[in-house]
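Student: Structure provided below as structure tokens; questions to follow.
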Amino acid sequence: MKFSKRIAATVIALPLMMGSMSAMAFGGGHHDGKGMMGGKHLLRGVELTETQKDELRTLREQNREEMRANKGEFRTQMMEERQQMQDLMLADNFDEAAVRALAEKMSQQQLERRIEMAKKRHEMMSILTPEQKEQVKENMAKMAERHQKRMSHHG
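Just add 946 to wherever you are in the sequence shown, counting from 1, and you've got the working numbering.
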């Protein structure tokens, strides 16, 4: 029985954590709107033309507007699903089929958000020249390396 509760807790917590991480990675967690794809960090050392800067700024603004427009709807949906999952956890009998269906629905929504985020990142990256993309790859490798070091210290 304990095992099922642990799985259920993970099923509830994981999409919530992933959702907030995506929001932060997407710029929702940053007040300057440059949080998308690590924004400044990834573009560090990349010499952008004025045209590229303008295009990136326009994309960021569009993405920010979209995020703002969908924020309330997304939050409401998340709260409803969280409540449904809590109701299932507090029910007299464990309804695995209902938990599975809700977990799959939550996972599917998370997947769709990630795809949408990747599409927007790709759109931003397509503004860069091959040389600039190489610089971004180097920056990503450095960030991954720093992240790895931090994780190994916390282990």
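No residue lacks a Cβ here, since even glycine has one placed at the ideal position from N, Cα and C. All of these numbers come straight from a predicted model, not from anything done at the bench.
Is the beta carbon of M1070 closer than 9 Å to that of L1048?
Tutor: Not in contact: L1048 and M1070 (Cβ atoms no closer than 9 Å).
Student: By Cβ distance, which residues of its chain are closer than 8 Å to T995, with the 5 residues on each side in sequence left out?
Tutor: Hits under 8 Å: none found.
Student: In this structure, does DSSP put D1033 in helix, strand or coil?
Tutor: Three-state result, D1033: helix.
Student: Give me the Cα-Cα distance between E1062 and H1068, rounded to the nearest whole angstrom.
Tutor: Approximately 10 Å between the Cα atoms of the pair.
Student: Any contact between the region 1070–1080 and the region 996–1012? By contact I mean 3 or more CB pairs, one from each, below 8 Å.
Tutor: Judged by Cβ distances under 8 Å, the region 1070–1080 makes contact with the region 996–1012, as three or more pairs qualify.
Student: With respect to the alpha helix (DSSP H) encompassing L1057, which residues constitute its N-terminal and C-terminal limits?
Tutor: Start and end: 1042–1071.
Student: Please check the pair R1085 and R1003, which I expect to be a contact at CB under 8 Å, by giving their CB distance rounded to whole angstroms.
Tutor: For the record, residue 1085 in the displayed sequence is Asn; it is not Arg. About 19 Å; that fails the 8 Å criterion.
Student: From the DSSP output, in three-state form, read off V1082 for me.
Tutor: Of the three classes helix, strand and coil, the one that applies to V1082 here is helix, per DSSP.
Student: For M983, which residues in the same chain have their Cβ closer than 6 Å to its Cβ, ignoring the five residues on either side in sequence?
Tutor: Confidence at M983 is low in this model, with a pLDDT of 47, below 50, so its placement is unreliable and the value that follows should be read with caution. Excluding positions up to five away in sequence, the list reads R1067.
Student: Taking just the CA atoms, how far does H987 sit from E1026?
Tutor: Each residue's alpha carbon lies about 35 Å from the other.
Student: Distance, Cα to Cα, E1042 vs R1096?
Tutor: Taking the straight line joining both Cα atoms gives about 37 Å.
Student: Applying the 10 Å Cβ sphere with the 16-neighbour rule, what's the burial state of L1034?
Tutor: Counting Cβ neighbours within 10 Å, L1034 comes out buried, since at least 16 surround it.
Student: So what's L1002 in DSSP terms, helix, strand or just coil?
Tutor: Looking at L1002 - three-state DSSP - the assignment turns out to be helix.
Student: Given that a residue counts as buried once 16 or more other Cβ atoms are within 10 Å of its Cβ, and exposed if not, what is N1009?
Tutor: Buried.
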